[in-house]
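J.:
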Amino acid sequence: MPFIPHTDQDVATMLDAIGARSIDDLFDEIPGALRCGPLDVPLGEREMEVTAALTQRARRDEPGPCFLGAGAYDHHIPAAVWDICSRGEYMTAYTPYQAEASQGTLQLIHEFQTMMAALTGMEVSNASVYDGASALAEAVLMAVRANRRTRRRGAASAGRETATTRVVVAGAVHPHYVATARNIVQGQGIRLDATGFDANGTVDLARFEALLAEPPAAVIVQQPNCLGLLEPVDEVVAAAHAAGALVIAAANPISLALLAPPGDWHDRGADIVCGDGQPLGIPLSSGGPYFGYICTRREFVRQLPGRIVGLTEDSGGQPGYALTLQAREQHIRRGKATSNICTNQGLLVTAATVYMSLLGAAGLNAVASRCHAQTRELVTELASIDGVERRFAGPFFHECVLDIGRDAQDVAQQTATAGITGGLPLGRWYPDLANCLLVCATEKRSDADIAAYRDVLRRILAHPEQPATASAPERTG
Amino acid sequence: MPFIPHTDQDVATMLDAIGARSIDDLFDEIPGALRCGPLDVPLGEREMEVTAALTQRARRDEPGPCFLGAGAYDHHIPAAVWDICSRGEYMTAYTPYQAEASQGTLQLIHEFQTMMAALTGMEVSNASVYDGASALAEAVLMAVRANRRTRRRGAASAGRETATTRVVVAGAVHPHYVATARNIVQGQGIRLDATGFDANGTVDLARFEALLAEPPAAVIVQQPNCLGLLEPVDEVVAAAHAAGALVIAAANPISLALLAPPGDWHDRGADIVCGDGQPLGIPLSSGGPYFGYICTRREFVRQLPGRIVGLTEDSGGQPGYALTLQAREQHIRRGKATSNICTNQGLLVTAATVYMSLLGAAGLNAVASRCHAQTRELVTELASIDGVERRFAGPFFHECVLDIGRDAQDVAQQTATAGITGGLPLGRWYPDLANCLLVCATEKRSDADIAAYRDVLRRILAHPEQPATASAPERTG
Amino acid sequence: MPEVSELQAVRHYTNLSRRNFSIDNQFYPLGSCTMKYNPRGAHRVASLPGFTGRHPLAELPASQGFLACLHELQEVLKAATGMAAVSAAPMAGAQGEFAGIAMIRAYHDARGDTERREIIVPDAAHGTNPASAVMCGYVAREVPVGADGDVDFEALKAAVGEQTAGIMLTNPSTCGVFERRIADIADVVHDAGGLLYYDGANLNAILGTARPGDMGFDVLHVNLHKTFATPHGGGGPGAGPVGANERLAPYLPTPMALREGDAFRWLEPADAPDSIGRLSAFAGNAGILLRALAYARMLGRDGMRRVGEFATLNANYLMERLRQAGVELAYPERRASHEFVITFRQEAKEFGISAMDIAKRLLDHGIHAPTTYFPLLVPECFLIEPTETETKEELDAFVAALTQVLGEVRTDPERVKTAPHNLPSARLDDVKAARDLRLVHGAD
Amino acid sequence: MPEVSELQAVRHYTNLSRRNFSIDNQFYPLGSCTMKYNPRGAHRVASLPGFTGRHPLAELPASQGFLACLHELQEVLKAATGMAAVSAAPMAGAQGEFAGIAMIRAYHDARGDTERREIIVPDAAHGTNPASAVMCGYVAREVPVGADGDVDFEALKAAVGEQTAGIMLTNPSTCGVFERRIADIADVVHDAGGLLYYDGANLNAILGTARPGDMGFDVLHVNLHKTFATPHGGGGPGAGPVGANERLAPYLPTPMALREGDAFRWLEPADAPDSIGRLSAFAGNAGILLRALAYARMLGRDGMRRVGEFATLNANYLMERLRQAGVELAYPERRASHEFVITFRQEAKEFGISAMDIAKRLLDHGIHAPTTYFPLLVPECFLIEPTETETKEELDAFVAALTQVLGEVRTDPERVKTAPHNLPSARLDDVKAARDLRLVHGAD
Ligand SMILES: Cc1ncc(COP(=O)(O)O)c(C=O)c1O
Ligand SMILES: Cc1ncc(COP(=O)(O)O)c(C=O)c1O
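Chains as they are written, first to last, in the working numbering: chain V, 10 to 486; chain C, 10 to 486; chain L, 37 to 480; chain H, 37 to 480.
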């Protein structure tokens, strides 16, 4: 019997000890009408058969070189990362509630918090939420709680239909992040107002000013933004703080090895930094499991959702680690918790911690620099094709929008058929940009990969446009 | 610097402590004339680049369904096997010379010895030699030492050109095993005389009787033999023992889950059982690393080459494990050791031990039965093709010789091009069998795989013979 | 940021790992958490390069393998829960709860029924239940659980009304017993216009024996990291697919996989205009879904039933052995489901020994402590869930260890109070951790 | 045969593993064994399905990837050793030795020079050297090593004659010093018609700085599981490719990879009529060869040189620190190569403490003991090889630990004699193990 160790003799002895005649007897408190017959699922297969069947499926999706980013990035992952994470001691432990039996995970999380705080320029970090998008949602809820002004307002209202609290989305923020945040916070009467981006692909400052007129609880800005471009974050922070709003920065952690950390933006920096940890040693894996990170300043730590590990001492005075500030969490505070999150993304935090340790600051910097260089190379090569040009002029990190002069969705499909994951057809997000591809090159893309893509794209674009495929306005995958 | 942790500061401090000005100074005892310039190898690459380059090569060899056995078998390996073996604690330890710091490896080997002894019907097992072929060579040397008659003779001679000792190879023994054994033992004046096989594909009993006329030190018999057939092992043992020869059995450990263990053959059974452990959880991997096993009866344990682990006690009276009978080994006995072997195949023994534990006796039996059933199915399906028929009629385990009526080497290449590893063209081993394929189906070959092979083979055979390819009399890979 | 060599990093994290308890090392009877064996085969399958390398936004021609798996898992979960449709988008149980409650809200809103402000939860419920309700803008209203472990039915009837949007229940409950009047509860809530949410954390108990869909639940989540054996990873990841009956299916979160003949595609907005939308940047914890699918396929029809059966057998055996050993059961008249509650209130009163002390001392025996102080309504309690993958020998060893500790409570209470004694750390000071917040290295 | 569930097996072997020391857990300065970091990246590459799935007898069209790797490794090893040709067939150092000596024999035989019966080995040589010579039918004749660690040149000259088939040497030797008169030795042996075999176990010391081929060696092996960082696996596997100069190249064992334009094939019997033939069923430890190739590529030209440099730096630093700490060096006037010998003869005489006692006590400090009692000619010795992948901090910690143990030898010798004290087992009884042979469970 798969995964069940009992011998017939065991079962007999155990039933005897219980005083039951059969296992079925043990279910005698379940009303007969609620018992179900055999489930409508196939018969069991052995590991060998399941492996064979799913290997065949996996083969169907085996990717060629990937030039698609848009929130998930194909970085090199040192083999040591997952060899370590796959150790049963990390992979098959539960949340470290029994601190003395969980010092491995706890110390590791403490190291993670340290590294993330250093990377973002913040003072504290949690131990992860689900992913970058849910991290943004949690950051919004946190900012609303943390902003004294909105907190007062929130306290006045009660129950379901509270007065609306506003949060401004500045510039080009990943549409899936905005949608997720919106879906998660709207029940609590929080509204997200978006500035959109201007002809430069960055925050429409005029609209931003206008949206600050009635001060929002917080402002969200993504750096680099979801078009790969650098937002004028100092201006955004200055204006937001002037309006009494907290600033939530969404940032790709790899980019922070090159760019100014959000903690250093303008005066006192962003107030909350969040994002997706996927670039730090986590495979693409169809979108997850990744992890969301949230860092902030000490003053807001009691509003931070998710687990936090603190250094403490044991009864012998030796240093040791434990979960702390648990009174923020649902298992203690229940309905009044900072968040409903319980299970988080611990194993991915393990991967990111090992990844960052293997690379160190210099290694992260080298990865980020190489991503930037390869993306420049990519853009140069692709823009050498007739009719392909950059859509926005400003500086980018490792993603760039190219106008290819015709329906990008169609081209992306052809590219895929040629074995290359060629970028995001931006029409899925912005109908105005239906002729645009968002392309990305990580350090993993060699010059040969880039040349291959250039040749494929040139060939595709040299042929007349195919009849329009069924339009696919938003891919939800 | 890859894999070197030193900072410049470390180097300076260390040189200072040594009193040297540069690292180069430390080589000042090497005559200048012997110093070499930069090695003629390429510049270093990062893990990422090496992974990419070798992944590309690996892809070129990615196999379709494999119907080739001939000493290496494509069994299903439960994922747990290598997840456990890859733990640093097993993978990056040295030989367990410091027993107290190696109880993990030592207890595991002791469990391995127990399981192998049970499987072969012997009393003791060593902790591996290199592979099945080298195990046979060591078994020959061991038998010559162990056989009192030959030992006396050996003692009489000395130095290089001793009198010749004979060992008889009975029936169809894997030609690579015989070649290896011959190459390894000939320096000590031991000659292997082969009976060959008769029209049934098994030992030519007449020639066998004749070769026993002057009693050899030992007789080698492989069960199932290298054509997949069952040898008359009881008769072989009876005749060999009657002639005062020891019996060396070479056996596929998976087959032992179904067949009589060599320890039970005829009267007192085989005296030494050896073979390759690859079928027990070890991937094909182009031929290695596998491991050779040797089991024997207690009376011969002091002639057994390779490491052996014994159960003992620690100073507190607690049970514990240690390498034992080390006086047999080269690091103690030097030129008089039972063998020159030092590094063995420990990690593969780890894999086999975990594999056998996961399967248990019932699981091994199920695998062996399924291999047999699928091979029968394979033979039925292939023999349904016009012009394809079994070459030998006797019972087989999981390999079978098919006569396909034309040059099998040519057909095997075409099959490979069609993405199927179709079996061994026996002309490589036996010119008389140039029209024969040795085919194998393990439990991993589904009915669909078999049908696919049947269809491919039918298609190939339906077309006229291609012009002969360059003959390849013996593939050495 | 550290600057170390590869060996130093490997050695550091390899050695650190050894300071953890885990399923692969220890018996880990953590109630409500279903710490069962996590098959390595499922891990390998999810780690295939075709799966790990697929970009979440890849075009459909390069996505058929993954979509086929996602669709198959949706179907398996429908069958196992008795629901009409499943979305595997939520990334853990709590997000599944959020999704389910948001769906309930969307349902009421769509009908213009906007005045329902309350979600009812039993006081034994997991903390995520009220927290999820509040996150959706509801007030969480608690109803008590009675002395027999079932919800106090009279109190429930009194609490239900036109302000009731719905109720969240686990069944078997976190008291380790099957809620016997579940059909009556469903009637009362439905009659008042409310809906029933099933917290699937305890599905392991009844897998293959009873289905929430048959009990009257409208919407539910399944913790794949519990019932479907995906590893807990020291805190996560999990996955919390939501299922719904016909009534609530239109509101399921996206993305979902759709089958069209032999091809698969994503559900598009046009297919699901009423969806509560996405809850993650991409498709949730896809890699976990693959592991769960592999596990489900290895179990198959009979294997699933056996999971519930043997989880129940193990729990009842262990409960009975402990009862015989003199341990006080919280619900002595009841069958255990896959877990059960014991209480040390007597030890606390007589010897000043807390459940936590006993938990720490159990660690010294190489056994992970059961869940402590949950459910909150039972004082000084353990919630014990052995799971079906443990042997009788392991359960017997637990009885022996706990018996020994309880002996020590009487003979050497100090030893218990100051436990653990054999672990890398002695008892850690939680109060200091919260008072002198040291959350990053170096800073103080 | 055990009959257990998957969880039980996984738990058993996971827990068992934790009773081992290993490179991934501890400093492991085992002299002559080169316990350096084994890159996980090399392990991953060798584990690719295209490599693990290839059948050894696969047809050439399905073998080009592997053959390209094998050929590339042969070329790398030629360059690193200064040899004309390399066969990667031997499965460990000892099999490489066997192959090399068999080649020497085949060479002499081919010339009709059949009366040479002796292979010379220094008394400091590893046990495999004489054992391999004997296995080839030779008599192993020992020559002494002098007080300075070099072979006694006069004794050597006296031993060499027309009965000499060849000599086996490591350089740097197992005394941890570079054999300075190697050129003279080569002349003496060659002049007598003998050949020189290089035992490559210590190649790590000189990688990129000096090459055996330039020193006059005719044939050699390289332990890939030492110099090329493939994991030792608790005893193996290794790989012992043999290299030969033009003279001996025709005798190399099969199989070997041949390049023809862009394609690769196996060397066929017709290509190598004089080969000593195969030494294994297939192509040796192919998976280990892949790991070594991946490692070699990551090192590259400069990385290889740095291996030798930093291995030497670490050894000389550690030797110097120990000298300063009052430890007696076996060859105090010499540079250390990548390893060096210390002796506790003083401690043995004064306190009755053996090198083994000290080794066991070091284990208590979480440090694997160095090689003990080898080379045999230095009494109560340690052969210490830190390797290039260890940090200065780790070396300093070793000095501190050994200093503490040596202090204990004086203050509390009993504690040292009865070590270890902090490990899963106390001192194990080797004598009992050999006397009461218990080699399988159950049987006695
Ligand atoms: C009863 C119960 N409900 C809900 C949850 C929350 O699930 P998750 O941790 O997956 O968010 C848990 C998890 O421990 C639980 O035990
Ligand atoms: C000096 C020396 N020579 C030869 C060998 C034998 O090599 P292997 O163990 O690979 O057979 C060793 C291995 O320890 C060694 O140290």
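Backbone N, C-alpha and C define an ideal beta-carbon position, used for all residues, glycine too. On a predicted model such as this, the values are computed, not experimentally measured, just so you know.
Work out the CA separation of N61(H) and F346(H) for me, nearest whole Å.
T.: Along the fourth sequence, one-based indexing puts residue 346(H) at 310. Along the fourth sequence, one-based indexing puts residue 61(H) at 25. Using only the alpha carbons, I get a separation of about 21 angstroms.
J.: Using a Cβ-based criterion (distance less than 7 angstroms to any ligand heavy atom), does N240(H) qualify as near ligand 2?
T.: Here residue 240(H) refers to the residue found at position 204 when the fourth sequence is read from its first residue. For ligand 2, not one heavy atom lies less than 7 angstroms from the Cβ of N240(H).
J.: Taking Cβ-Cβ distances below 7 angstroms as the criterion, which residues of the segment 320-343 of chain C are in contact with chain L?
T.: The segment 320-343 of chain C vs chain L, Cβ under 7 angstroms: nothing.
J.: Verify whether the separation of the beta carbon atoms of N352(H) and L35(C) is less than 8 angstroms.
T.: As a working mapping, residue 352(H) is identified with position 316 in the fourth sequence. As a working mapping, residue 35(C) is identified with position 26 in the second sequence. It is a contact, given that the beta carbons lie within the stated cut-off.
J.: What is the DSSP secondary structure of L433(V), counted as helix, strand or coil?
T.: Position 424 of the first sequence, counted from the first residue, corresponds to residue 433(V). Three-state DSSP puts L433(V) in a strand.
J.: Assign Y330(V) to one of three DSSP states: helix, strand, or coil.
T.: Along the first sequence, read from residue 1 onward, the residue named residue 330(V) stands at position 321. Y330(V) falls in the strand class under three-state DSSP.
J.: Using the Cα positions of E408(C) and G205(C), report the straight-line distance between them to the nearest angstrom.
T.: Here residue 408(C) refers to the residue found at position 399 when the second sequence is read from its first residue. Here residue 205(C) refers to the residue found at position 196 when the second sequence is read from its first residue. Going by the C-alpha atoms only, they are around 19 angstroms apart.
J.: If you drop the 5 nearest sequence neighbours on each side, which residues of the same chain put their C-beta closer than 7 angstroms to that of G168(C)?
T.: Against the second sequence, residue 168(C) aligns to sequence position 159. Note on G168(C): pLDDT 45, under 50, position unreliable in the model; no value is reported.
J.: Taking only runs that begin and end inside the segment 184-213 of chain H, name each unbroken beta strand (DSSP E) of 3 or more residues, in chain order.
T.: If we require 3 residues or more, the beta strand (DSSP E) runs fully inside the segment 184-213 of chain H come out as 200-205.
J.: If you scan the segment 151-185 of chain L from start to end, which runs of the alpha helix (DSSP H) of 4 or more residues do you find wholly inside it?
T.: List check, alpha helix (DSSP H) in window: 164-171.
J.: Could you tell me which uninterrupted beta strand (DSSP E) segments, each at least 3 residues in length, are contained entirely in the segment 351-417 of chain L, listed from first to last along the chain?
T.: Listed in chain order, they are 376-379.
J.: One question on the structure: do G276(H) and M127(H) come within less than 8 angstroms of each other, judged by their Cβ atoms?
T.: Position 240 of the fourth sequence, counting from 1, holds the residue named residue 276(H). Position 91 of the fourth sequence, counting from 1, holds the residue named residue 127(H). Yes, the Cβ-Cβ distance between G276(H) and M127(H) is below 8 angstroms.
J.: If you measure from each CB to the nearest heavy atom of ligand 1 and keep those under 6 angstroms, what residues do you get, in chain order?
T.: Qualifying residues come out as C351(V), T352(V), S68(L), C69(L), A128(L), G129(L), A130(L), H162(L), T164(L), T206(L), T210(L), D235(L), A237(L), N259(L), G274(L), G276(L).
J.: So A190(V) and L145(V) are in contact, right, with Cβ under 8 angstroms, and what is the actual spacing, rounded?
T.: The residue you call residue 190(V) lines up with position 181 of the first sequence. The residue you call residue 145(V) lines up with position 136 of the first sequence. Indeed, because the Cβ distance is near 5 angstroms, the residues count as touching under 8 angstroms.
J.: Quick one: using the 10 Å Cβ neighbour count with 16 as the cut-off for buried, is K385(H) buried or exposed?
T.: Reading the fourth sequence from its first residue, position 349 is the one you call residue 385(H). It is exposed - the Cβ of K385(H) has fewer than 16 other Cβ atoms within 10 Å.
J.: With a threshold of 6 angstroms on Cβ separation, who are the neighbours of F410(L) within its own chain once the five nearest residues in sequence on each side are excluded?
T.: For the purposes of this step, residue 410(L) is taken as residue 374 along the third sequence, with counting starting at 1. Closer than 6 angstroms at Cβ, skipping near neighbours: L419.
J.: Measuring straight from C-alpha to C-alpha, what distance separates W302(H) and P291(H)?
T.: Stepping through the fourth sequence from its first residue, residue 302(H) is reached at position 266. Stepping through the fourth sequence from its first residue, residue 291(H) is reached at position 255. Approximately 7 angstroms between the Cα atoms of the pair.
J.: Taking one C-beta from the segment 356-374 of chain V and one from the segment 327-344 of chain V each time, how about it: are there three or more such pairs within less than 8 angstroms?
T.: Cβ pair count under 8 angstroms is below three, so no.
J.: Counting only C-beta atoms, is Y530(V) closer than 8 angstroms to chain L at any point?
T.: Chain V is shown only over 10 to 486; residue 530(V) falls outside these bounds and no answer can be derived.
J.: Would you list, in chain order, the members of the segment 76-96 of chain V that have their beta-carbon closer than 8 angstroms to a beta-carbon of chain H?
T.: So the close ones are P87, A88, A89, D92.
J.: How big is the Cα-Cα spacing for A79(V) and T451(V)?
T.: Position 70 of the first sequence, counting from 1, holds the residue named residue 79(V). Position 442 of the first sequence, counting from 1, holds the residue named residue 451(V). About 12 angstroms.
J.: What does a CB cutoff of less than 6 angstroms around L354(L) pick up in its chain, not counting 5 residues either side in sequence?
T.: Numbered from 1 along the third sequence, position 318 holds the residue referred to as residue 354(L). These residues qualify, in order along the chain: P422, L431.
J.: With a floor of 3 residues, list each beta strand (DSSP E) that falls wholly inside the segment 255-332 of chain C, ordered by position along the chain.
T.: List check, beta strand (DSSP E) in window: 255-260, 281-285, 301-305, 318-322, 328-332.
J.: When you compare only the Cα positions, how much space is there between T485(V) and E304(L)?
T.: Along the first sequence, one-based indexing puts residue 485(V) at 476. Along the third sequence, one-based indexing puts residue 304(L) at 268. Only weak support exists for where T485(V) lies, its pLDDT of 47 falling under 50; the coordinates are left without a value.
J.: Residues of chain C with CB closer than 7 angstroms to the CB of Q44(L), please, in chain order.
T.: The residue given as residue 44(L) occupies position 8 in the third sequence. Within 7 angstroms Cβ-Cβ: P14.
J.: Whose C-alpha, out of V452(H), H401(H), T407(H), L442(H), is nearest the C-alpha of A433(H)?
T.: To locate residue 433(H), count along the fourth sequence from 1; it is residue 397. Here the closest residue by C-alpha is H401(H).
J.: Closest Cβ-Cβ distance between E56(C) and chain V: below 8 angstroms?
T.: Residue mapping note: residue 56(C) aligns to position 47 of the second sequence, counting from 1. Yes, E56(C) lies at the interface with chain V (some Cβ there is under 8 angstroms from its Cβ).
J.: Can you give the Cα-Cα distance for R463(C) and Y186(C), rounded to whole angstroms?
T.: Mapped onto the second sequence, residue 463(C) falls at position 454. Mapped onto the second sequence, residue 186(C) falls at position 177. Cα-Cα distance, rounded: 31 angstroms.
J.: When you check each C-beta in the segment 245-273 of chain H against every C-beta of chain V, which residues fall closer than 7 angstroms?
T.: The segment 245-273 of chain H vs chain V, Cβ under 7 angstroms: nothing.
J.: Bridge partners of F405(V), per DSSP?
T.: Taking the first residue of the first sequence as 1, we reach residue 405(V) at position 396. Per DSSP, L238(V).
J.: Confirm, please, whether the CB-CB distance from I324(H) to L36(H) is below 8 angstroms.
T.: Residue coverage of chain H in this structure runs from 37 to 480, which leaves residue 36(H) outside it and unanswerable.
J.: Taking only beta-carbon positions, decide if K345(C) is within less than 8 angstroms of chain V.
T.: The residue you call residue 345(C) lines up with position 336 of the second sequence. Not an interface residue.
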